[in-house]
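Undergrad: The numbers in full-length UniProt numbering rise by one with no breaks, and the one at position 200 of the sequence shown is 200. Cβ atoms here follow ideal geometry from the backbone N, Cα and C, with glycine treated the same way.
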Amino acid sequence: MRQLAIAAIREAGEKHARDLAELAVSETGMGRVEDKFAKNVAQACGTPGVECLSPQVLTGDNGLTLIENAPWGVVASVTPSTNPAATVINNAISLIAAGNSVIFAPHPAAKKVSQRAITLLNQAIVAAGGPENLLVTVANPDIETAQRLFKFPGIGLLVVTGGEAVVEAARKHTNKRLIAAGAGNPPVVVDETADLARAAQSIVKGASFDNNIICADEKVLIVVDSVADELMRLMEGQHAVKLTAEQAQQLQPVLLKISTSAEKAPSAVTG
């Protein structure tokens, strides 16, 4: 049954990838349709399934050991506004493959697209002969609802994808097992041994993918002095723009909202 359910999810995820991408951009105001479409297809087709969870048998002079992975049961999954449909597809496949059902708590800014994705996947599972409501979601997601899930005794595992606030809330408000992915600031290091043309193309392509809202997108560039000028020239050839110090200073108040505790990008320009 797991194989049938996952095959149905893959088919539905790929079939509706573009519609979900368009809905995500429309609802959240972030990212690019083409890039979200690519993410949705990649998760539908590439997320590992039951093939990664085969039992193992070990034998030796001291006897035989059987290793068989058991499901957690009901898993609570918090999903982000940056990859709403893609994360639902990915978590649905991986968690059902392990024998679990899932209750999702989507980011409030991506409520409609997340709930739409869950509905489509559930319909596909039932049409393939699987049970109803393997995937469910809360009606009105917010941090308080998520915290209630974190403490609910019927849930054994938390899978949380989001910003610092929700990851920290998951850590503070539960004693359950937690798999969490928070904000990222990935660096790229380029030295004199690099293929500079390829590096320039890859950095610009990666940093601009989905308007850089993905936590794994390139965000910091560290280059040795001997190749820095040439790399910058090649990046400009890939449509990157080099700002002067004065231009960077003028851009700062647009990109950063200064508060008493931190500098944050205002939502109006994010993504």
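Kindly indicate the opening and closing residues of the beta strand (DSSP E) around ARG177.
TA: Where ARG177 is concerned, the enclosing beta strand (DSSP E) stretches over 177-181.
Undergrad: If we call anything under 8 Å between Cβ atoms a contact, is ALA200 one with LEU221?
TA: Contact: no.
Undergrad: Roughly how many angstroms separate the alpha carbons of GLY29 and LEU135, rounded to a whole number?
TA: Rounded to whole angstroms, GLY29 to LEU135 spans 26 Å at the Cα level.
Undergrad: Identify every run of the beta strand (DSSP E) within the region 97-177, keeping only runs that are complete inside it and at least 3 residues long; order them along the chain.
TA: List check, beta strand (DSSP E) in window: 101-106, 135-137, 157-161.
Undergrad: Using the Cβ count rule (16 or more neighbours within 10 Å means buried), how would you classify ASN83?
TA: By the 10 Å Cβ count, ASN83 comes out buried.
Undergrad: Determine the DSSP secondary structure at VAL220, reduced to helix, strand or coil.
TA: It is a strand residue.
Undergrad: Using a Cβ-Cβ cut-off of 7 Å (strictly less than) and excluding sequence neighbours within five positions of GLU11, which residues of its own chain qualify?
TA: ALA124, listed in sequence order.
Undergrad: I'd like to confirm the pairing. Which residues does DSSP put opposite GLY60 in its beta bridges?
TA: Note: GLY60 sits in a beta bridge opposite GLY63.
Undergrad: Just checking my contact of LEU157 with VAL75 at CB under 8 Å: how many whole Å lie between their CB atoms?
TA: About 5 Å; that satisfies the 8 Å criterion.
Undergrad: What would DSSP say about THR28, mapped onto helix, strand or coil?
TA: DSSP places THR28 in helix when its eight states are reduced to three.
Undergrad: Using the beta-carbon count (16 or more within 10 Å), is ALA248 buried or exposed?
TA: Under this definition ALA248 is an exposed residue.
Undergrad: Rounded to the nearest angstrom, what separates ALA165 and LEU53 at their Cα positions?
TA: Going from the Cα of ALA165 to the Cα of LEU53 covers about 32 Å.
Undergrad: Quick check: the region 103-114 against the region 140-152, are at least 3 beta-carbon pairs closer than 8 Å?
TA: Yes, the region 140-152 is in contact with the region 103-114.
Undergrad: Can you tell me the Cα-Cα spacing of GLY130 and ILE9, whole angstroms?
TA: Taking the straight line joining both Cα atoms gives about 11 Å.
Undergrad: Measure the alpha-carbon distance for LYS205 versus MET232 and round it to whole angstroms.
TA: Roughly 14 Å between the two C-alpha positions.
Undergrad: So, using beta-carbon positions, are ALA24 and ALA85 closer together than 8 Å?
TA: Cβ distance < 8 Å, so ALA24 and ALA85 count as in contact.
Undergrad: Could you tell me the distance, in whole angstroms, from the CA atom of ILE179 to the CA atom of VAL88?
TA: Spanning the two alpha carbons is a distance of roughly 15 Å.
Undergrad: I'd like the span of the alpha helix (DSSP H) that includes SER202, first residue to last.
TA: Note, SER202: alpha helix (DSSP H), 196-208.
Undergrad: Quick check on THR260: buried or exposed, where buried means 16 or more other Cβ atoms within 10 Å of its Cβ?
TA: Reliability of the predicted coordinates at THR260 is poor, the pLDDT of 49 falling under 50, and no value is obtained from them.
Undergrad: Tell whether a beta-carbon distance below 8 Å holds between VAL254 and VAL241.
TA: Their beta carbons are not under 8 Å apart, which means VAL254 does not touch VAL241 by this criterion.
Undergrad: Output yes or no for whether 8 Å exceeds the beta carbon distance between residue 303 and ALA7.
TA: Examination of residue 303 is not possible in this model, given that the chain is present from 1 through 271 alone.
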